[in-house]
Amino acid sequence: MKKANWLLLVLALALSMFLAACSGGDDSGSESDAESGSDGEDTEESSGGDSEQILNITDSAEIPTMDSSMATDAVAFQWLGSTTDGLYRLGLDTQPEPAIAEDHEESEDGLTWTFNLRDDATWSNGDPVTAHDFVYAWQRAVDPDTGSEYGPYMMSGVIENAEDIAAGDTPVEELGVEATDDYTLEVSLEKPTPYFESLTAFGTFLPLNQDFVEEHGEDYALEADTLLSNGPFMFTEWGSDGWKLEKNEDYWDADNVNLEEINVSVVKETASAVNLYETDEIDRVGLSSEFVDEYRSSEEFRIEEEPTLFYLKMNQENEILGNENARKAIQRIVDRQAMVDTILNNGSLVSSGHMPQNFVQHPETEEDFRELNGELIETNKEEAQELWETAKEELGIEEAELGYLGGDTEVAQQMDAYIKDQLEELEGLTVNVQSVPFQERLDRDTEMDYDLQNSGWGPDYIDPNTFLNMWITDGGNNKTGYASEEYDALIAEANDELAQEPVERFENFLEAEKMLIEDDAVLAPLYQRAAAQLWKPYVKDVGVNPMGADYTYKYAYIDGKE
Amino acid sequence: MGRYITQRLVYMVITMFLIATFTFFLMKFLPGTPLSSADKLSEEQQAVVLAKYGLDEPIPVQYFNYMVNLLQGDMGISFQFDNREVTTIILDRIGPSLQLGFQAMIIGTILGMLLGLVSAIYHNGVLDYGSTFTAVIGQSIPSFVFAGILQYFVGVKLGWFPVALWGTWQHTVLPTIALAIFPLAIAARFMRTEMLEVMGSDYITTARAKGVNKFGVVFKHGVRNALIPLITVLGPLAIGLMTGTLVIENIFAVPGIGEQFVKSINTNDYPIIMGTTLFFAIFFILIVLVIDLLYGVIDPRIRLAEGE
Amino acid sequence: MENHKPNKDLFVPVDTRDDDSEKISRPSLSFWKDSFIRLRKNVGAMAGLGVLIILIALAALGPYMNEYDQFEQDLSRAKMPPKVEGLGWLGMDGTLSTVQTHESLDQAETNALMRFNNDEDHIQTTVLNDGTNGEPAEVEAVYDVYAAKDMEGQNFWFGTDGLGRDLWTRAWEGTRISLYIAFLAAAIDMIIGVAYGGISAYYGGRVDNYMQRFIEILVGIPNLVIVILMILILDPGILSITIALTITGWISMARIVRGQILKLKNQEFVLASRTLGAQDGRILRKHLIPNVLGLIIINTMFTIPSAIFFEAFLSFIGLGLPTPLASLGTLVEDGFQSLQIYPHILLFPAVIISLIMIAFNLLADGLRDALDPKMRE
């Protein structure tokens with residue numbers, strides 16, 4: 001009896017563990033069956049007969065928030081853009097096209113913009129989309145009590161009183177936005193803002209349905225059922241493993257929306273995503289440099305240029321980097337062509353200034369900004385060494401040691417090792433690579449606790465200002481210690497007196513870039529990012545945007561999928 | 001026994017309290033705030049955000065609040081996922097991790113024990129070398145390499161199971177195998193060592209002398225005594241699996257807790273780090289309790305609560 | 001039946017000597033000497049030891065065996081496949097190959113050439129399947145990378161990585177660092193873990209209780225948090241990783257030792273020793289520890305892979321050694337990214353890790369058998 005006792009217990013224990021595991025498995029199995037059961041069916045359906053209008057893709061991170069006032073990152077803006085229409089949205093040609101606004105009038109002085117809204121747009125709960133929704137959303141975004149990061153950042157200096165409201169000095173109601181009637185929105189600007197139209201396509205400027213937001217309070221935008229849509233798609237499922245969007249049948253432009261469903265899964269490893277693509281589970285995948293070698297010859301291979309720049313930030317409070325010649329030496333020493341070709345290997349371009357290619361054009365001649373200013377920096381090792389020698393003499397040093405805060409892209413490790421190696425070609429220079437988590441890097445940037453930093457910047461709106469405005473003295477994202485009255489004057493002039501003189505304004509920016517890179521050597525440009533991807537050939541008409549949402553799925557469709 | 005368990009439960013509460021305190025101050029020691037890009041915020045706004053997370057109070061007050069909230073099961077809200085409760089996030093993600101962990105643990109230890117048994121019974125025979133080799137290989141290849149190979153060959157080339165994502169039981173097959181390899185190797189090696197030791201003891205010789213056949217001896221006397229040290233490693237192994245899953249979860253895109261944990265570290269999301277830490281701690285303490293109780297059941301020589 | 005009485009004359013008294021009974025017929029051996037002799041007889045253990053010695057020798061000398069430096073970069077020779085003169089038949093002939101499949105033979109051929117940048121002079125294409133049998137055409141292209149880059153005089157025995165660094169040199173440099181981390185972790189495990197577990201179990205009662213609660217607190221905090229704290233306080237590097245391993249590494253050893261000693265301490269031989277007046281320290285050292293030595297050694301051998309793997313794991317989540325330092329962990333993780341395309345980057349460090357593991361395991365087994373007093377003949 002006693003002998004049998006322990007055996008029984010062990011058995012019971014093992015059994016209960018088994019049962020726990022099994023029931024656990026069953027539970028989640030049946031749960032996800034309910035969820036993904038439909039997935040299974042869909043893929044079956046789609047694999048037979050006519051092309052089902054279902055797009056399966058992956059994202060590399062979870063959605064942090066779907067509250068447009070609180071959104072700060074690419075993933076959030078992507079899905080806000082797919083579910084919500086603002087005044088304007090970016091079309092397939094990447095130019096703003098009418099969305100909730102049918103058109104707008106600009107006053108002579110460029111300070112008052114009147115938007116005429118369409119009256120047939122509705123929220124997915126049936127409420128009409130009105131001018132009041134914009135007023136509410138913009139006021140909410142700028143209200144300091146909301147704690148929005150992008151609201152004040154995007155609106156200050158643009159919309160009347162935004163700056164004072166964000167600082168808590170002025171009541172929210174004073175914000176320069178007013179609904180003159182249900183379908184007319186009048187916006188008063190602080191100063192003429194030529195790029196305001198493209199700004200209204202940005203996530204922070206999307207409308208919000210006040211009743212709905214207030215009804216759900218803190219739970220707003222946390223789940224698929226506490227979200228409202230007025231755009232081409234709406235959330236139907238949203239879990240930790242991904243989310244699912246379905247076509248919004250009540251969308252004002254529903255006739256032009258072809259996709260019935262978009263399924264997004266979160267996959268962080270490139271190899272896993274490629275394997276999913278290979279087994280036809282997903283329709284698009286981003287490639288790392290190794291995979292580019294393998295797939296370069298594929299018909300499904302595509303390279304997408306992005307207007308995102310990467311560069312070395314040099315902290316001028318550092319004794320060595322305070323020396324202009326030292327900075328110029330660093331600008332010229334890194335062989336960026338080899339870096340772009342071998343390490344990145346994804347179609348990224350060598351950047352030789354602080355404005356991406358094919359991003360903004362001269363208002364009259366249509367020439368590209370980059371073309372006009374040309375290559376401001378070319379790699380030249382000999383010149384770099386000479387500059388470096390001069391710098392050492394000026395500083396009275398023989399050897400130098402600099403810290404380098406690494407990047408956080410997929411190729412970061414290799415990139416950091418390469419840049420360290422290249423920089424150390426400067427005689428007597430030692431570079432210490434510091435790998436820190438992304439968040440830590442941001443903190444160190446804010447506190448200017450770095451020497452060299454691999455940093456990147458993508459545009460918030462389509463205007464040279466988005467790249468050049470940040471380097472003004474004490475600018476929020478400057479953090480290099482760069483302070484030049486001349487530069488400040490150029491930017492200020494472009495944004496004030498010249499705001500309505502597109503040509504002169506453009507020339508100001510050209511000059512500012514030259515000053516920033518060529519004369520003052522504030523940054524060492526590295527590369528303009530591109531993405532190498534594989535797209536299933538049956539996915540058509542996905543728009544690729546330079547700012548805000550990365551992709552426009554509104555017009556996308558599936559054709560020819562077997 | 002009942003008294004013993006009550007006593008242990010009291011200790012558990014004390015331990016949890018200490019762990020919570022320790023983690024709290026550890027987190028205060030690390031840099032970073034919920035302001036992901038503080039430079040974009042005016043001072044007024046920063047104050048609002050800090051107040052939202054209760055970070056505007058002096059640290060002792062924050063500590064007190066944290067503890068009080070903790071008692072009510074509230075671990076605060078995440079920094080990176082706006083307004084989302086830490087408790088909800090953990091509960092959302094614990095399912096897949098637990099399922100994978102349990103499956104890997106059970107398959108791993110049972111197969112491992114069998115392998116170890118075979119090794120010990122056929123000591124120095126071909127089977128011994130074979131199973132030892134299997135165990136060694138299983139332990140020698142980093143699990144993420146193994147996972148990558150599994151995914152590519154079994155998933156892509158053979159197409160037997162889904163290469164990644166979560167949903168049906170088929171999705172759990174590859175990650176479970178990848179995870180099970182390590183406990184399998186550990187269990188096999190411990191089992192072998194212990195069985196060899198036990199099989200050399202006098203009472204086994206006695207039993208054999210009394211005419212009990214070989215397998216009878218192995219199962220009636222040997223296995224039971226060999227289980228004790230094996231059970232000791234199960235605890236750390238279980239917690240190791242929990243954190244170890246994050247590599248596997250990343251590769252197979254499983255929405256589990258390990259993956260979330262690392263992401264939180266990278267984003268300085270302290271509420272989630274603290275919450276997950278506490279969760280792991282509770283899990284582990286429970287496992288230790290169960291193991292200690294099992295000791296007594298399996299080996300009566302170990303007297304519980306001795307000297308108290 | 002006659003009772004034969006043996007004749008007294010048949011017996012001769014033995015010439016007794018005083019020291020005879022004290023004579024030891026076999027050579028006197030200490031415990032450790034005896035163990036060593038038995039270890040030497042164990043083929044597996046000796047093989048393991050041999051492999052370890054070779055690996056350590058290579059780690060020491062390997063980096064000096066060719067002209068490349070571990071940090072020397074040259075992007076023009078990135079991702080070169082391995083090439084060893086005379087080992088071409090092993091696949092180490094410095095070529096890359098691809099098989100391209102397409103509906104039409106021409107297109108398959110074009111694709112195969114395009115895979116290697118249309119460098120036709122150095123590509124050999126073979127048609128595996130011309131597509132006439134209804135299945136898609138298959139063309140294999142073999143690309144002689146060394147010839148294409150005009151580097152026929154050079155040999156990268158393990159190939160190069162994405163930055164053109166010589167993997168042979170890096171692999172052995174990495175082995176050094178990994179072995180250092182592993183040995184240190186094992187040593188610390190042993191010292192702290194055994195002492196802690198032994199004391200905790202032997203004294204039992206309140207001491208045991210407090211010590212176990214302390215362990216529970218330590219284990220309850222995931223290692224990662226401590227590692228990150230360390231990395232923030234110290235500069236990221238070998239030192240902080242080692243300290244991090246030190247802080248939590250000994251715990252499982254302590255638990256195992258405690259479990260064993262709990263089992264042993266009430267056994268008769270301990271009781272006997274205590275009755276005879278042995279001090280606690282002596283009982284622990286002379287009676288209990290030797291009896292759990294087998295387990296201690298086995299467990300130590302398990303810490304070595306887990307230390308190496310922990311380091312690899314840290315690399316995997318981006319908290320490993322700062323670039324460009326190499327360890328087996330960072331090399332494996334680096335190679336993992338290109339597992340499907342350039343397997344050689346992963347292969348060699350992975351094989352070295354596996355060899356180290358296998359060697360340690362064989363040696364551990366041998367030691368276990370050798371150290372076990374019960375196996376004494």
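Residue numbers (UniProt numbering), protein chains in the order written: chain A, 1 to 562; chain L, 1 to 308; chain Z, 1 to 377. Note that the Cβ used here is the ideal one computed from N, Cα and C, for glycine as well.
To which residues of the same chain is residue i closer than 6 Å at the C-beta, ignoring the five residues directly before and after it?
| i | result |
| --- | --- |
| VAL135 (chain A) | VAL177 and ALA179 |
| GLN78 (chain A) | ALA549 and ASP550 |
| ASN42 (chain Z) | GLY366 |
| residue 309 (chain L) | Past the edges of chain L, shown from 1 to 308, lies residue 309 (chain L), and the structure says nothing about it. |
| PHE205 (chain A) | GLY86 |
| GLU186 (chain A) | THR114, GLU178 and THR180 |
Name the two residues that bound the continuous beta strand (DSSP E) containing residue i.
| i | result |
| --- | --- |
| GLY456 (chain A) | 452 to 457 |
| GLN72 (chain L) | No beta strand (DSSP E) holds GLN72 (chain L); DSSP gives it neither H nor E. |
| ALA556 (chain A) | Run containing ALA556 (chain A): none; DSSP gives neither H nor E here. |
| ASP144 (chain Z) | 137 to 144 |
Assuming residue i is part of the alpha helix (DSSP H), what are its boundary residues?
| i | result |
| --- | --- |
| GLN340 (chain Z) | No alpha helix (DSSP H) holds GLN340 (chain Z); DSSP gives it neither H nor E. |
| ARG274 (chain Z) | 268 to 275 |
| SER131 (chain L) | 126 to 140 |
| ASN111 (chain Z) | 105 to 115 |
| HIS132 (chain A) | 131 to 142 |
| ASP421 (chain A) | 412 to 423 |
Counting only the same chain and skipping the five closest in sequence on each side, list residues whose C-beta sits under 7 Å from that of residue i.
| i | result |
| --- | --- |
| SER298 (chain A) | LEU534 |
| GLU174 (chain A) | ASN161 and ILE165 |
| PHE146 (chain L) | ALA178 and ILE181 |
Use the C-beta contact count for residue i: other C-beta atoms within 10 angstroms, 16 or more gives buried, fewer gives exposed.
| i | result |
| --- | --- |
| LYS210 (chain L) | exposed |
| GLU281 (chain A) | buried |
| GLY366 (chain Z) | buried |
| TRP160 (chain L) | exposed |
| HIS4 (chain Z) | exposed |
| MET65 (chain Z) | exposed |
| THR473 (chain A) | exposed |
| GLY151 (chain A) | buried |
| TRP32 (chain Z) | exposed |
| LYS263 (chain Z) | buried |
In three-state DSSP terms, what is residue i?
| i | result |
| --- | --- |
| ILE282 (chain A) | coil |
| GLN316 (chain A) | coil |
| ARG224 (chain L) | helix |
| SER97 (chain Z) | strand |
| ALA326 (chain Z) | coil |
| GLY101 (chain L) | helix |
| PRO81 (chain Z) | coil |
| GLY164 (chain Z) | coil |
| VAL431 (chain A) | strand |
List the residues that DSSP assigns as beta-bridge partners of residue i.
| i | result |
| --- | --- |
| ALA532 (chain A) | A:ILE303 |
| ASP361 (chain A) | Residue 361 (chain A) is actually Gln in this sequence, not Asp. According to DSSP, which records beta bridges pairwise, GLN361 (chain A) is partnered with A:ASP368. |
| GLY108 (chain L) | Looking at the DSSP assignment, GLY108 (chain L) forms no beta bridge with any residue, so it has no partner. |
| TYR527 (chain A) | A:PHE310 and A:VAL350 |
Please return the same chain residues whose Cβ sits closer than 8 Å to the Cβ of residue i, not counting the five positions on each side in sequence.
| i | result |
| --- | --- |
| GLU378 (chain A) | ARG332 and SER352 |
| MET191 (chain L) | GLY112, MET113, LEU115, GLY116, LEU117, SER119, ALA120, ALA226 and LEU230 |
| GLY73 (chain L) | THR87 |
Listing by chain order, which chain C residues have their CB less than 9 Å from the CB of residue i?
| i | result |
| --- | --- |
| THR193 (chain L) | No chain C appears in the structure shown, which is made up of the protein chains A, L and Z. |
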